[in-house]
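The sequence shown begins at 1408 in our numbering and counts up by one. Note that the Cβ used here is the ideal one computed from N, Cα and C, for glycine as well. Quick caveat: nothing in here was measured; it's all calculated off a predicted structure. Notes follow the structure.
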Amino acid sequence: MATPEEVTAHVRTMIPIFDAMQVEIVEAGRTTVAARLPSGPNVNHFGTTYAGSLFSVAEVLGGVYASTSLVLEGAVPLVKQVTIDFLRPATTDVVARATLSEETIARVLAETEATGKSDFVLDADVTDEQGTVVARTHGLYQLRRLG
């Protein structure tokens, strides 16, 4: 399994804007993944974190699983739909965190192996430095075998 530092480097290579945003993968476990977004480079015109940056740090978590538990030769994660609720302005660095159950991981891997694709739902909370949830996402992703 890849380290958070390795996943950070991979994400920043695959999505170059994440380097400028300074997105950092801080947890890359089998079931739980998390990414940190510093407020500095992501501040908007009125001093809070830009909504698009909050969305991005939560949305990318579905793809992080391709480096932790949804690892299957020739398969890639795709986002199909994500909704976000902005609950409070973020004025500090934030961390987006999501968890997949072992049952979901096993199902997605088995279905992708058998049929070439499998959908999965991923919910993420984005919290500020005080632990307040500032945003929440609900996403539909797919692990798909290419070729």
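query: Given 8 Å, three or more beta-carbon pairs between the stretch 1423-1432 and the stretch 1483-1499; result: no
query: Leu1516 to Pro1448 span [Cα, whole Å]; result: 37 Å
query: Assigned exposure category for Ser1508 - 16 Cβ within 10 Å defines buried; result: exposed
query: Tyr1568 (DSSP reduced to helix, strand or coil); result: Any question about residue 1568 goes unanswered here, given that the chain covers just 1408 to 1554.
query: Nearest-angstrom Cβ-Cβ length linking Ala1503 and Ala1435, presumed shorter than 8 Å; result: The Cβ separation is near 13 Å, so there is no contact.
query: Buried/exposed call for Phe1493, threshold 16 Cβ in 10 Å; result: exposed
query: Any beta strand (DSSP E) of 3 or more consecutive residues that is wholly inside the stretch 1447-1509; result: 1482-1493 and 1501-1506
query: Neighbourhood of Thr1438 by C-beta, 8 Å cutoff - its chain only, sequence neighbours within 5 removed; result: Ser1476, Thr1506, Leu1507, Ser1508, Glu1509 and Ile1512
query: Touching by the beta-carbon criterion (3+ pairs, under 8 Å), the stretch 1454-1471 and the stretch 1526-1535; result: yes
query: Distance between beta carbons of Gln1549 and Lys1487, contact taken as under 8 Å; result: 6 Å
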